[in-house]
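>
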Amino acid sequence: MKLGVFVYRLYRALTYGVSPLIHLHIRWRRLRGLEHFSRWPERFGHPSAVRPPGSLIWFHAVSLGEGMAAIPVIRHCNEVKSDLTILMTTTTVSAFEVIKNQLPVGVLHQFAPLDTPLAIDRFLGHWKPNAIIIMENELWPNLIMAASGLLIPLGLLNARMSTKSFKRWSSPLLLPLVSLLLSKFSLIAPLSTLQGIRFQLLHAPPFVINYSGDLKYVVNKFHVSSGTSESIRDLKVELAEMKVWIASSLHRGEEEVILGVHNMLLESHPDSVVIIVPRHPHHGQQIAHKLRKDGQSVALRSQNEKLTPRKTNIYVVDTLG
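First residue of the sequence shown: 5, per the numbering used here; consecutive thereafter.
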């Protein structure tokens, strides 16, 4: 544990020292559309809403999948204790755009603070949560240690640890740190037995581990408007006679690799179409424009453009949902 404290102090000093660079990085991300244009100061713990009086639980999720898994729990909390204030934080703008329409009335939303000492202290000082629920695998040292120091109970819900993350945390340098962090949780609810074993191997206290199953299986279906339903039916008809493959969660520039593979497929399967889903939807139009300049026949989902058999061979999804 002493080594874990030492490693944490190194981490805290490092994150404090690089805070000015992180500030510049967030501003750069804002210019690229990766941070909310007007609410980006929330990432540094600056609130855009007033804390209501009474008890408050903070739910934190990075992106859309984790956020949607939290919503059934949030709804249940509202039903059981109607006077409870719930604060939901997400990291990505795309998650916010979808989740804001799914959250129960009265749930507050903020963008999550960066894991720097000043941002975390500012955030906790304003919101003063009575409990913190972290979704899946966000083990941020400054957040966890600051909350523990303020005696705020911590829960890790739908907890999971990928093989890659498990190997990284198991290294001689990081194992003492993760052991220290996991010791601060009052509840760890892994989504499977395997995940529970991994957390135990990382020295999580056995008495705080309670299996919950995967919460993503209890997420309610999205409300889909009649217009959207009709466009989906039309798309199914258009794709019915084509051979379809999908390249999802693409980062900028990766469409070049996909295009090379797709061109090879077209030689033997001229009726093939690739559905490109960029990691950030707002990059979709840029990708479509670039591919069209290269002479490709592209349909863009946001424009409800139709796919013509043996002519349109690329479909770019630049919307959410």
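Yeah, the Cβ is synthetic: ideal placement off N, Cα and C, and Gly gets one too.
Which one of I291, E271, R256, Y20 has the shortest CA to CA distance from P121?
Per the Cα distances, Y20.
> With DSSP as the reference, please indicate the residues paired to K247 in a beta bridge.
In DSSP, K247 forms a bridge with S276.
> Under a three-way DSSP split, which group does L195 fall into?
Of the three classes helix, strand and coil, the one that applies to L195 here is coil, per DSSP.
> Which value, in whole angstroms, describes the spacing of the CA atoms of N267 and S235?
Taking the straight line joining both Cα atoms gives about 27 angstroms.
> Tell me G264's beta-bridge partners as DSSP assigns them.
DSSP, once it has assigned bridges, lists no residue as partnering G264.
> Helix or strand or just coil, what does DSSP make of F41?
Correct three-state label for F41: coil.
> Leaving aside the five residues before and after D119 along the sequence, list all residues of the same chain whose C-beta is less than 8 angstroms from its C-beta, in chain order.
Cβ neighbours of D119 beyond the five flanking positions: T19, W144, P145, N146, L147.
> How would you write the range of the alpha helix (DSSP H) that F189 sits in, first residue to last?
No alpha helix (DSSP H) contains F189, which DSSP labels as neither H nor E.
> Within the continuous alpha helix (DSSP H) that includes G71, where are the two ends?
That run of the alpha helix (DSSP H) goes 68-84.
> In the structure shown, what three-state DSSP assignment does H255 receive?
H255 falls in the coil class under three-state DSSP.
> Taking Cβ positions, are F189 and M165 nearer each other than 8 angstroms?
No, they are not a contact pair.
> For the stretch 203-221 against the stretch 79-90, are there 3 or more C-beta pairs whose distance is under 8 angstroms?
Segments in contact, no.
> Starting from G159, follow its DSSP beta bridges and name the residues at the other end.
G159 is bridged to I137, L191.
> Ordered along the chain, which non-local residues of its own chain (more than five positions away) have a Cβ less than 7 angstroms from that of R33?
The residues are E39.
> Counting only beta-carbon separations shorter than 8 angstroms, does P57 have a partner in chain D?
Of the protein chains in this structure there is only one, and it is not chain D.
> Could you tell me how far apart the beta carbons of D218 and K247 are, in whole angstroms, since I believe they sit closer than 8 angstroms?
Not confirmed; about 32 angstroms, so no contact.
> Taking the DSSP output, what are the residues bridged to P282?
DSSP output for P282 lists L254 as bridge partner(s).
> Just to confirm before moving on: does the CB-CB distance between V281 and S252 stay below 8 angstroms?
The answer is yes: Cβ separation under 8 angstroms.
> Taking DSSP's pairing of strands, which residues face V302 in a bridge?
According to DSSP, which records beta bridges pairwise, V302 is partnered with I318.
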